[in-house]
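Colleague: Counting with my numbering, you get residues 5 to 492 for the letters of the sequence shown.
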Amino acid sequence: MKKRLFRSFSENVRTFTVRCSSERRRTLSGSSNPLSQVATEKLFFVEIAERRNRTLAKDGRAGWERGAARRLAEPRGGPRGEHGADSARRHHIVSDSRHVRVVRGFKVRCPIAFRSIVAVAARSGVTSKKGNNMVDAAVLDKLESGFAKLAESDSKSLLKKYLTKEVFDQLKTRKTSFGSTLLDVIQSGLENHDSGVGIYAPDAEAYTVFAELFDPIIDDYHGGFKKSDKHPPKDFGDVDSFGNLDPTGEYIVSTRVRCGRSLDGYPFNPCLTEAQYKEMEEKVSSTLSGLAGELKGTFYPLTGMSKEVQQKLIDDHFLFKEGDRFLQAANACRFWPTGRGIFHNDDKTFLVWCNEEDHLRIISMQMGGDLGQVYRRLVTAVNEIEKRVPFSHNDRFGFLTFCPTNLGTTVRASVHIKVPKLAANKAKLEEVAAKYNLQVRGTRGEHTEAEGGIYDISNKRRLGLTEYQAVKEMNDGIAELIKIEASL
Numbered sequence: 005m006k007k008r009l010f011r012s013f014s015e016n017v018r019t020f021t022v023r024c025s026s027e028r029r030r031t032l033s034g035s036s037n038p039l040s041q042v043a044t045e046k047l048f049f050v051e052i053a054e055r056r057n058r059t060l061a062k063d064g065r066a067g068w069e070r071g072a073a074r075r076l077a078e079p080r081g082g083p084r085g086e087h088g089a090d091s092a093r094r095h096h097i098v099s100d101s102r103h104v105r106v107v108r109g110f111k112v113r114c115p116i117a118f119r120s121i122v123a124v125a126a127r128s129g130v131t132s133k134k135g136n137n138m139v140d141a142a143v144l145d146k147l148e149s150g151f152a153k154l155a156e157s158d159s160k161s162l163l164k165k166y167l168t169k170e171v172f173d174q175l176k177t178r179k180t181s182f183g184s185t186l187l188d189v190i191q192s193g194l195e196n197h198d199s200g201v202g203i204y205a206p207d208a209e210a211y212t213v214f215a216e217l218f219d220p221i222i223d224d225y226h227g228g229f230k231k232s233d234k235h236p237p238k239d240f241g242d243v244d245s246f247g248n249l250d251p252t253g254e255y256i257v258s259t260r261v262r263c264g265r266s267l268d269g270y271p272f273n274p275c276l277t278e279a280q281y282k283e284m285e286e287k288v289s290s291t292l293s294g295l296a297g298e299l300k301g302t303f304y305p306l307t308g309m310s311k312e313v314q315q316k317l318i319d320d321h322f323l324f325k326e327g328d329r330f331l332q333a334a335n336a337c338r339f340w341p342t343g344r345g346i347f348h349n350d351d352k353t354f355l356v357w358c359n360e361e362d363h364l365r366i367i368s369m370q371m372g373g374d375l376g377q378v379y380r381r382l383v384t385a386v387n388e389i390e391k392r393v394p395f396s397h398n399d400r401f402g403f404l405t406f407c408p409t410n411l412g413t414t415v416r417a418s419v420h421i422k423v424p425k426l427a428a429n430k431a432k433l434e435e436v437a438a439k440y441n442l443q444v445r446g447t448r449g450e451h452t453e454a455e456g457g458i459y460d461i462s463n464k465r466r467l468g469l470t471e472y473q474a475v476k477e478m479n480d481g482i483a484e485l486i487k488i489e490a491s492l
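#1: So, under 8 Å CB-CB, GLY412 and GLY481 are touching, yes? Tell me the CB distance rounded to an integer number of Å.
#2: Given that a residue counts as buried once 16 or more other Cβ atoms are within 10 Å of its Cβ, and exposed if not, what is THR470?
#3: Quick one: give me the first and last residue of the beta strand (DSSP E) that TYR440 is part of.
#4: DSSP three-state label for ALA205, please.
#5: Helix or strand or just coil, what does DSSP make of THR185?
#6: Are the CB atoms of ILE458 and HIS420 within a distance shorter than 8 Å?
#7: Tell me the rounded alpha-carbon separation between GLY297 and ALA208.
#8: Roughly how many whole angstroms lie between the Cα atoms of GLU477 and LYS165?
#9: Give the secondary structure of PRO274 by DSSP, where H, G and I count as helix, E and B as strand, and everything else as coil.
#10: To the nearest angstrom, how far is it from the Cα of VAL243 to the Cα of ARG380?
#11: Taking all protein chains shown into account, do 16 or more other C-beta atoms lie within 10 angstroms of the C-beta of GLY308, making it buried, or fewer, making it exposed?
#12: Please list the segments of the alpha helix (DSSP H) lying wholly inside the region 279 to 330, counting only runs of 4 or more residues, in order along the chain.
#13: Taking the continuous alpha helix (DSSP H) assigned at TYR255, which residues delimit it?
#14: From the DSSP output, in three-state form, read off GLY402 for me.
#15: Starting from the C-beta of GLU148, find all residues in its chain whose C-beta is less than 6 Å away, skip the five residues before and the five after it, and write them out in chain order.
#16: According to the Cβ coordinates, are GLY193 and SER199 closer than 8 Å?
#17: Please state if the CB of VAL261 and the CB of VAL415 are separated by a distance shorter than 8 Å.
#18: What's the gap between the Cα of PHE347 and the Cα of GLN315?
#19: I need the straight-line Cα distance from LYS282 to ILE389, nearest angstrom please.
#20: Taking buried to mean at least 16 other C-beta atoms within 10 Å of its own C-beta, is ALA210 buried or exposed?
#21: Since LEU331 and GLU361 should fall inside the 8 Å C-beta cutoff, what is the C-beta to C-beta distance between them, to a whole number of angstroms?
#22: Can you give me the C-alpha to C-alpha distance between ALA437 and ASN137, rounded to a whole angstrom?
#23: Is it true that the CB of GLU285 sits closer than 8 Å to the CB of HIS343?
#24: To which residues does DSSP link TYR459 through a beta bridge?
#25: Kindly indicate the opening and closing residues of the beta strand (DSSP E) around ASN349.
#26: Can you tell which of LEU355, PRO206, ILE486 and VAL378 has the C-alpha that lies nearest to the C-alpha of ALA427?
#27: Comparing C-alpha positions only, which one of ALA205, LYS153, GLY150 and GLU216 sits nearest to GLU170?
#28: Suppose you measure from the CA of LEU404 to the CA of LYS432; what does that come to, to the nearest Å?
#29: Determine the direct distance from the alpha carbon of ASP399 to that of GLY228, and round the result to whole angstroms.
#30: From what residue to what residue does the beta strand (DSSP E) around VAL356 run?
#31: Closest Cβ-Cβ distance between GLY343 and chain D: below 8 Å?
#32: Residues in the same chain with beta-carbon distance under 8 Å from ASN335, minus the five sequence neighbours each way, listed in chain order, please.
#33: Find the nearest neighbour of LEU162 within the set PHE339, ILE221 and GLY269, judged by alpha-carbon distance.
#34: Expressed to the nearest angstrom, what Euclidean distance is found between the alpha-carbon atoms of GLY402 and PRO236?
#35: Tell me, please, which residues DSSP counts as bridged to LEU267.
#36: Exposed or buried, which one is GLU489 when buried takes at least 16 other CB atoms within 10 Å?
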């Protein structure tokens, strides 16, 4: 019975080693998450390496097993910071009252100390999941080959800029507790050398496990967000402070503000199971069906969608397709179209995409340049949805998303705008865009061309500033572009 207990335990908790001597303790492989998060994720495996001390020598193995079984049933350890009971938890370091320390794995000073870890696993309903933390040889071969080709290419991506040989060698053998490797992070950039960024986070943990790559890319893209920086709390500001950027309708074709959200308790698309996709679709559908007023509308699942409904959504430019080659390479389109769906209100000014790139894309839009009205609608919608569904949030990065470019506020405020004179002077257009942290895209978004001289221009920064500040940058930048266009 006792042997079965410990065999079952050893199949349930991620690798760590118990050592008797504090002088010879060592760190072994394990998750970079705090213990509580690892336990919740139900991905544990134990490999207990016993070292007999005087107690073991005196009582024998049977006595040690009896005592450990008793301690498992009666946990007494309590989580503390790395420097004791009153210290803060930093760098994913946790101690318990029997000197258990967790640092990207587990350091255990005493053979009886693991009892609290066992208890946490048991209370969290840990299920058995055998495996190891080694990266497959085939994955390593693909990484080496892809890295060599990227290094020889003329790619301008942030991936190539920051994935040095030193960083590559440092990260290539790491895994998250979901099993995500460096290949899952960079595969899109390896296959598409024309990527602007080139990386995605297959799960929330990847931002920590592969921090040596994510941190400098995030810093570069978001305009100086350092490792010591923290994203400010959510702040939509005065929603009535924005107005109509183009009252005459001469320049702005349409205005749109959107944000992305990840549902708390679920990994990102590459790690979602088919059952999780279905569960999330049901949760999102029931949540949105409870919206009222101008947000009231209908949810359309992509699975089993009739041709009539499909054509209607295509005509309205609402229907999203299976991901482009960049998302395909990042494994964001598994089990398509299972779990995907579209919601829009009766006025067709409010839209939600379920499990396109992120779990949720919440969109407010309308023709013309009334940014104020569009922004107010989005803020109302986000607040209403958040009352019903908790979102994934991180103290440092704000709201977590699949793509690191959307971290923080996740807000993208954009207009489709006609600026033919500025378009003829591309250098001037780029100069103004850079001054106000704007991103200039083609008419149909990233990696497309401007059709009829119409550009998609939006705020670029989303991290390290509030929602209000992000929209304000776009507001001020577009106002300046219109002023310059009118003067030419």
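All C-beta atoms, glycine included, are put in the ideal place defined by N, C-alpha and C.
Just so it is clear, the structure is predicted and the values come from calculations on it, not from any experiment.
Modeller: Considering the structure as presented:
#1: Taking C-beta atoms under 8 Å as the contact rule, GLY412 and GLY481 fail to qualify, at a distance of about 18 Å.
#2: Buried, by the Cβ-count rule.
#3: Unbroken run through TYR440: none, as it is neither H nor E.
#4: Annotated three-state conformation of ALA205 is coil, per DSSP.
#5: Of the three classes helix, strand and coil, the one that applies to THR185 here is strand, per DSSP.
#6: Their beta carbons are under 8 Å apart, which means HIS420 touches ILE458 by this criterion.
#7: GLY297 and ALA208 have their C-alpha atoms roughly 34 Å apart.
#8: If I take the Cα positions, the gap works out to 27 Å.
#9: The answer is helix: DSSP assigns PRO274 an H, G or I state.
#10: Rounded to whole angstroms, VAL243 to ARG380 spans 6 Å at the Cα level.
#11: Exposure of GLY308 is indicated by the presence of fewer than 16 other C-beta atoms within 10 angstroms of its C-beta.
#12: Every alpha helix (DSSP H) stretch that sits fully inside the region 279 to 330 and reaches 4 residues is listed by chain position as 311 to 319.
#13: Careful: TYR255 lies outside any alpha helix (DSSP H) and carries neither H nor E.
#14: Note: GLY402 maps to strand in three-state DSSP.
#15: Here GLU148 has no same chain residue with a Cβ atom under 6 Å from its own Cβ, once five neighbours each way along the sequence are excluded.
#16: In this structure, GLY193 places its C-beta atom within 8 Å of the C-beta atom of SER199.
#17: With a cutoff of 8 Å on beta-carbon distance, VAL415 and VAL261 are scored as near each other.
#18: Answer to the nearest angstrom: the Cα atoms are 15 Å apart.
#19: When the Cα atoms are used, LYS282 and ILE389 turn out to be separated by approximately 19 Å.
#20: The residue in question, ALA210, is buried, as its Cβ has 16 or more Cβ neighbours within 10 Å.
#21: The beta-carbon separation of LEU331 and GLU361, rounded to 6 Å, stays under the 8 Å limit for a contact.
#22: So the alpha carbons of these two residues sit roughly 45 Å apart.
#23: Reading off the sequence, residue 343 comes out as Gly, not His. Yes, these two residues count as a Cβ contact at 8 Å.
#24: Beta-bridge partners of TYR459 (DSSP): ILE421.
#25: Looking at the DSSP string, the run of the beta strand (DSSP E) that includes ASN349 is 345 to 349.
#26: Cα-wise, what sits closest to ALA427 is ILE486.
#27: Selected option, being the one with the closest Cα: GLU216.
#28: The straight-line gap from Cα to Cα measures roughly 34 Å.
#29: So the alpha carbons of these two residues sit roughly 18 Å apart.
#30: First-last of the beta strand (DSSP E) with VAL356: 354 to 358.
#31: Of the chains in the structure shown, none is chain D; there is only one protein chain.
#32: Around ASN335: ASP188, GLN191, PRO206, ASN273 and PRO274.
#33: For LEU162, the closest C-alpha among the options PHE339, ILE221 and GLY269 is that of ILE221.
#34: If I take the Cα positions, the gap works out to 7 Å.
#35: According to DSSP, LEU267 bridges with PHE395.
#36: By the neighbour-count definition (other C-beta atoms within 10 Å, threshold 16), GLU489 is a buried residue.
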